[in-house]
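Notes to accompany the following structure.
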Amino acid sequence: MSLLTDLLNLDLSDCTGKIIAEYIWVGGTGMDVRSKARTLPGPVDDPSKLPNWNFDGSSTGQATGDDSEVILRPQAIFRDPFRKGNNILVICDCYSPTGEPIPSNKRYNAERIFSHPDVKAEEPWYGIEQEYTLLQKDTNWPIGWPLGGYPGPQGPYYCGAGADKSYGRDIVDAHYKACLYAGINIGGINAEVMPGQWEFQVGPSVGISAGDQLWAARYILERITEIAGVVVSFDPKPIPGEWNGAGAHVNFSTKSMRSEGGYELIKKAIKKLEARHMEHIAAYGEGNERRLTGRHETADINTFTWGVANRGASVRVGRDTEKEGKGYFEDRRPSSNMDPYVVTSMIAETTVLCNSNLSNGSK
Amino acid sequence: MAQAVVPAMQCQMGALGKSAVRARPAAAGGRVWGVRKAARGTAGFKVLALGPETTGVVQRMNQLLDMDTTPFTDKIIAEYIWVGGSGIDIRSKSRTISKPVEDPSELPKWNYDGSSTGQAPGEDSEVILYPQAIFKDPFRGGNNIIVMCDTYTPQGEPIPTNKRARAAQIFSDPKVSSQVPWFGIEQEYTLMQRDVNWPLGWPVGGYPGPQGPYYCAVGSDKSFGRDISDAHYKACLYAGIEISGTNGEVMPGQWEYQVGPSVGIDAGDHIWASRYLLERITEQAGVVLTLDPKPIQGDWNGAGCHTNYSTKSMREDGGFEVIKKAILNLSLRHDLHISEYGEGNERRLTGLHETASISDFSWGVANRGCSIRVGRDTEAKGKGYLEDRRPASNMDPYTVTALLAETTILWEPTLEAEALAAKKLAMNV
Chain A
1 MSLLTDLLNL DLSDCTGKII AEYIWVGGTG MDVRSKARTL PGPVDDPSKL
51 PNWNFDGSST GQATGDDSEV ILRPQAIFRD PFRKGNNILV ICDCYSPTGE
101 PIPSNKRYNA ERIFSHPDVK AEEPWYGIEQ EYTLLQKDTN WPIGWPLGGY
151 PGPQGPYYCG AGADKSYGRD IVDAHYKACL YAGINIGGIN AEVMPGQWEF
201 QVGPSVGISA GDQLWAARYI LERITEIAGV VVSFDPKPIP GEWNGAGAHV
251 NFSTKSMRSE GGYELIKKAI KKLEARHMEH IAAYGEGNER RLTGRHETAD
301 INTFTWGVAN RGASVRVGRD TEKEGKGYFE DRRPSSNMDP YVVTSMIAET
351 TVLCNSNLSN GSK
Chain B
1 MAQAVVPAMQ CQMGALGKSA VRARPAAAGG RVWGVRKAAR GTAGFKVLAL
51 GPETTGVVQR MNQLLDMDTT PFTDKIIAEY IWVGGSGIDI RSKSRTISKP
101 VEDPSELPKW NYDGSSTGQA PGEDSEVILY PQAIFKDPFR GGNNIIVMCD
151 TYTPQGEPIP TNKRARAAQI FSDPKVSSQV PWFGIEQEYT LMQRDVNWPL
201 GWPVGGYPGP QGPYYCAVGS DKSFGRDISD AHYKACLYAG IEISGTNGEV
251 MPGQWEYQVG PSVGIDAGDH IWASRYLLER ITEQAGVVLT LDPKPIQGDW
301 NGAGCHTNYS TKSMREDGGF EVIKKAILNL SLRHDLHISE YGEGNERRLT
351 GLHETASISD FSWGVANRGC SIRVGRDTEA KGKGYLEDRR PASNMDPYTV
401 TALLAETTIL WEPTLEAEAL AAKKLAMNV
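These protein sequence lines are chains A and B, in that order. Read in order, the letters of the first sequence correspond to residues 1 to 363 in the UniProt record's numbering. Read in order, the letters of the second sequence correspond to residues 1 to 429 in the UniProt record's numbering.
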């Protein structure tokens with residue numbers, strides 16, 4: 001049996017220059033990550049030097065059977081922590097054979113927004129806090145929870161340690177190192193309030209790379225849970241009742257917000273977000289209404305509120321930012337299954353490109 | 001469809017793989033952050049925390065967990081740890097730091113959601129973490145670190161559960177620091193079977209044979225959980241914690257380790273860091289750690305945290321007189337100390353099972369039934385240290401060490417009180 005491990009760990013660099021590239025894309029549900037691998041003649045460090053590829057879109061709900069080819073365009077490269085060596089992971093987005101982005105391709109529009117000169121000039125930074133829940137395979141009950149029952153109520157689990165308080169740390173720690181190795185800007189991890197729930201943070205990333213890095217991190221997480229025989233769920237409210245949901249809070253700042261006097265711009269930006277609350281909510285993830293109840297450290301889905309250090313608000317501003325008069329703010333509304341391309345570009349669009357139509361009534 | 005075949009093989013390989021993990025010598029590290037390629041020395045600590053019902057290729061998980069990231073990035077992972085709202089729960093979360101650091105002052109302050117740990121309300125939830133001490137991380141290896149922190153409001157005030165701030169104040173008082181107070185803390189703890197909350201090795205629904213054979217014992221019918229104690233010992237040495245020894249305790253399933261001698265505030269930092277490592281190791285082993293002072297009622301020992309203490313004067317010639325004066329001071333503040341020596345201590349300090357009764361203060365040479373014990377060595381040489389046997393296993397080490405220093409160095413009783421106490425304790429001071 002050790003032969004299998006030896007083969008998996010073969011270092012090919014002394015017998016061939018070829019590398020393996022795992023092309024990764026988002027599938028038809030908007031939440032399923034797909035991948036397949038191909039051999040390339042030598043190491044590559046620039047996505048533009050990678051060939052386009054294609055896949056059977058009719059098997060992922062992204063094309064019909066009689067016209068099934070969907071084209072993959074490489075957009076970002078990461079080192080492969082599973083195959084190591086010079087092998088790579090490639091984040092791609094999807095196009096029709098005629099070159100149009102297919103409907104599930106959310107990256108294309110985000111790229112457009114991030115290349116707008118006004119947005120580019122503002123150098124938008126994102127820090128995304130991805131929460132997720134680990135479930136026992138076959139029963140779909142959270143790991144560490146007794147089958148047919150519940151653990152003790154929330155309280156001891158947030159950042160906890162101990163066999164009766166922390167479930168699945170090996171997955172989280174393996175994921176941390178794997179992401180560092182891959183070149184993802186992973187900022188930290190912590191155990192969450194609900195037992196079996198964890199969070200990692202990616203950032204600060206600039207513009208479109210926030211989405212690329214988060215999808216790569218989600219792919220690596222899905223691969224690691226596959227190894228561990230555990231299921232990862234990005235559902236925003238996996239267990240109804242007195243159990244926290246899972247979100248993907250997005251921390252955001254522009255160049256102006258990070259400079260002197262930035263706090264005023266932050267407040268202006270928050271006003272603009274308030275004016276477009278329902279549009280944002282519609283794009284912030286399926287099933288979010290089960291999570292944003294106004295309890296369990298969320299704001300109610302129908303109301304927009306903001307506050308300093310207030311975890312029950314839609315948008316939270318840190319005490320540091322208030323004190324220094326500049327910094328960033330945290331949009332706490334997105335759910336764990338949000339698409340980062342959609343959310344990051346929408347925040348940039350609303351706060352940088354949209355003129356405030358609340359105060360002056362025009363546009 | 002080749003995927004369907006592989007999982008079945010993976011199960012078997014997992015079983016073989018575990019026994020094929022080679023034991024490696026622990027890294028000799030101390031407080032230095034030399035880059036060691038053999039960070040894999042920590043492989044022995046990694047047991048898949050998910051239990052036998054999970055399948056999967058154990059080797060691949062271990063490889064990721066054991067990965068030495070130093071050839072690929074300068075970044076390190078810093079696990080910030082702090083004491084939570086109950087005073088006995090340890091919390092932690094990690095962050096990436098751009099490169100290795102030498103001193104806690106180089107690390108950024110951080111913050112966390114105090115409303116989730118009983119340390120702040122939801123509408124003003126930020127609690128600030130101040131890094132205070134760095135230890136090497138025995139789980140992640142490489143240049144990764146564990147950072148002991150204490151907790152403050154955004155305005156810079158220590159929050160009520162922060163016992164370190166006041167202790168740091170006391171230890172920086174020149175009268176105290178010039179005495180170079182040493183502490184040796186004997187942390188006892190009990191291991192419980194998960195899900196049933198019954199001590200490790202005890203039959204579920206019943207009791208083992210009475211105490212007698214278990215203290216410092218060997219044998220599968222007398223010693224339960226040695227792997228945890230031994231793994232913890234090496235992990236602490238690796239981390240740079242001043243662990244000085246371990247032993248199996250009188251009650252089966254109970255263990256002890258000692259940390260020290262540490263100077264001043266270090267004692268508290270090292271005990272909390274060692275408790276965190278112990279909680280992480282028991283987590284991996286699937287066993288529950290309890291620091292309750294009397295986990296099982298009846299004819300079973302409790303768990304304490306005896307604190308050995310000495311000052312410069314006590315360690316020098318004529319020190320025994322200084323020790324007796326210190327004991328006299330302690331006798332006059334017994335109730336205050338007891339109130340700070342751990343929750344639930346009244347269930348443990350009964351006067352039986354090698355404890356003194358909670359309401360009486362007593363001292364003696366080599367007497368384990370006293371509040372304060374002085375060793376025969378100390379009496380013979382005329383200098384040495386004293387052992388305060390009152391603190392419970394769930395005591396806060398910052399509180400206890402600072403109180404000992406305060407009562408014996410900074411506090412002075414009135415002359416009448418002193419004379420009365422001297423008579424009561426039969427001392428010539």
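Ideal placement from N, C-alpha and C gives every residue a C-beta, glycine not left out.
What's the C-alpha gap between Gly127/A and Pro117/A? For Gly127/A and Pro117/A, the distance between alpha carbons rounds to 22 Å.
Taking CB distances under 8 Å as the criterion, tell me whether Glu418/B reaches chain A. Residue-level contact check: Glu418/B does not touch chain A, since none of the beta carbons of chain A fall below 8 Å from its beta carbon.
Neighbour-count burial assignment, Ser19/B, 16 or more Cβ in a 10 Å radius: Residue placement at Ser19/B is poorly supported in this model, since its pLDDT is 31, which falls under 50; the coordinates still yield a value, given next. Its Cβ having fewer than 16 others within 10 Å, Ser19/B is exposed.
Here's the rule I'm using: 16 or more other beta-carbon atoms within 10 Å means buried, otherwise exposed. How should Cys149/B be labelled? So Cys149/B ends up on the buried side.
Taking its Cβ as the centre, do 16 or more other Cβ atoms sit within 10 Å of Ala163/A, making it buried, or is it exposed? Residue environment analysis places Ala163/A among the buried positions, since at least 16 neighbouring C-beta atoms fall within 10 angstroms of its C-beta.
Please identify the residue among Pro74/A, Ser13/A and Thr64/A whose C-alpha is closest to the C-alpha of Asp212/A. Distance check between Asp212/A and each of Pro74/A, Ser13/A and Thr64/A places Pro74/A closest, using alpha-carbon atoms only.
What's the gap between the Cα of Arg315/B and the Cα of Ala380/B? Approximately 13 Å, taken between the alpha carbons.
8 Å is my cut-off, CB to CB: does Pro81/A come that close to chain B? By this cut-off, Pro81/A is an interface position.
One question on the structure: do Thr407/B and Asn345/B come within less than 8 Å of each other, judged by their Cβ atoms? With respect to the 8 Å criterion, Thr407/B and Asn345/B are not classified as neighbours on the basis of their beta carbons.
Any beta strand (DSSP E) of 3 or more consecutive residues that is wholly inside the segment 149 to 207 of chain B: Complete beta strand (DSSP E) runs here, min 3: 182 to 193.
Once the 5 residues before and after Ala299/A are set aside, which same chain residues still bring their CB inside 8 Å of it? The answer, listed in chain order, is Leu292, Thr305, Gly312, Ala313, Ser314, Arg332 and Arg333.
Contact belief for Gly245/B with Thr401/B at Cβ below 8 Å, rounded distance in angstroms: In fact, because the Cβ distance is near 19 Å, the residues do not count as touching under 8 Å.
Using DSSP with H/G/I as helix, E/B as strand and the rest coil, what is Arg280/B? DSSP places Arg280/B in helix when its eight states are reduced to three.
Restricting to runs no shorter than 3 residues, where is the beta strand (DSSP E) found entirely within the segment 298 to 374 of chain B? Within the segment 298 to 374 of chain B, complete beta strand (DSSP E) segments of at least 3 residues are found at 305 to 310, 363 to 365 and 372 to 374, given in chain order.
Have a look at Pro142/A, Trp215/A and Thr16/A and flag the residue whose alpha-carbon is nearest the alpha-carbon of Arg34/A. Relative to the Cα of Arg34/A, the nearest Cα in the group Pro142/A, Trp215/A and Thr16/A belongs to Trp215/A.
Bridge partners - Ala78/B, DSSP secondary structure assignment: As a beta-bridge residue in DSSP terms, Ala78/B pairs with Arg95/B and Ile145/B.
Is the segment 321 to 335 of chain B touching the segment 187 to 201 of chain B in the sense that three or more CB pairs, one from each, lie closer than 8 Å? Cβ pair count under 8 Å is below three, so no.
Proximal residues of chain B, C-beta to C-beta of Asp164/A below 8 Å: Correct list: Arg194 and Val288.
Against chain A: residues of the segment 121 to 155 of chain B by CB proximity under 8 Å: Cβ proximity to chain A below 8 Å picks out Gly122, Glu123, Asp124, Ser125, Glu126, Phe139, Arg140 and Pro154 from the segment 121 to 155 of chain B.
Use the C-beta contact count for Leu3/A: other C-beta atoms within 10 angstroms, 16 or more gives buried, fewer gives exposed. Leu3/A is exposed by the Cβ-count criterion.
Just the C-alpha distance for Thr378/B and Val322/B, rounded to the nearest angstrom, thanks. The C-alpha of Thr378/B lies about 12 Å from the C-alpha of Val322/B.
Proximity test, Cβ basis, 8 Å: Arg95/B and chain A: It does; some Cβ of chain A falls within 8 Å.
Distance CB(Ala269/A)-CB(Thr351/A) smaller than 8 Å: Using a Cβ distance threshold of 8 Å, Ala269/A and Thr351/A count as a contacting pair.
Would you tell me roughly how many angstroms separate the C-alpha atoms of Tyr62/A and Asp11/A, rounded to the nearest one? As written in the sequence, residue 62/A is Gln, which differs from the Tyr given in the question. It is roughly 36 Å from the alpha-carbon of Gln62/A to the alpha-carbon of Asp11/A.
Sequence-distant residues of its chain with Cβ nearer than 6 Å to Gly144/A (five each side left out): For Gly144/A, same chain residues with a beta-carbon under 6 Å away, outside a window of 5 residues either side, are Tyr167, Pro195 and Gly196 in chain order.
So Lys99/B and Ile134/B are in contact, right, with Cβ under 8 Å, and what is the actual spacing, rounded? Cβ-Cβ separation between Lys99/B and Ile134/B: approximately 14 Å, too far for a contact (criterion under 8 Å).
Can you list the residues of chain B that Gly261/A reaches, using a CB-CB cut of under 7 Å? Going along chain B, no residue has its Cβ under 7 Å from Gly261/A, so there is no contact; the nearest lies around 21 Å.
With a floor of 4 residues, list each alpha helix (DSSP H) that falls wholly inside the segment 82 to 131 of chain B, ordered by position along the chain. The segment 82 to 131 of chain B contains no whole alpha helix (DSSP H) run of 4 or more residues.
Three-state secondary structure assigned by DSSP to Gly42/A: In this structure, Gly42/A counts as coil in the three-state DSSP scheme.
Neighbour flag for Thr351/A against chain B, beta carbons, 8 Å: No, Thr351/A lies away from the interface with chain B (no Cβ there is under 8 Å from its Cβ).
Apply the 10 Å Cβ neighbour rule to Glu242/B and answer buried if 16 or more other Cβ atoms are within range, or exposed otherwise. Residue environment: Glu242/B is assigned as buried (16 or more neighbouring CB atoms within 10 Å of its CB, all protein chains considered).
Since Tyr126/A meets chain B, which of its residues come closer than 8 Å, beta carbon to beta carbon? Ordered by position in chain B, no residue passes the 8 Å Cβ test against Tyr126/A, which lies about 16 Å from the chain.
Which complete alpha helix (DSSP H) runs does the segment 97 to 139 of chain A hold, if anything under 4 residues is left out? DSSP runs (the alpha helix (DSSP H)) wholly in the segment 97 to 139 of chain A: 107 to 115 and 117 to 121.
Burial state of Pro97/A (16 or more Cβ within 10 Å): Counting every other CB atom within 10 Å of its CB across the protein chains shown gives Pro97/A a total below 16, marking it as exposed.
Rounded to a whole number of angstroms, what is the C-alpha to C-alpha distance between Lys136/B and Asn111/B? If you take the alpha carbons of Lys136/B and Asn111/B, they lie about 22 Å apart.
For Cys94/A and Leu50/A, I'd like the C-alpha separation in whole angstroms. Taking the straight line from one Cα to the other gives about 15 Å.
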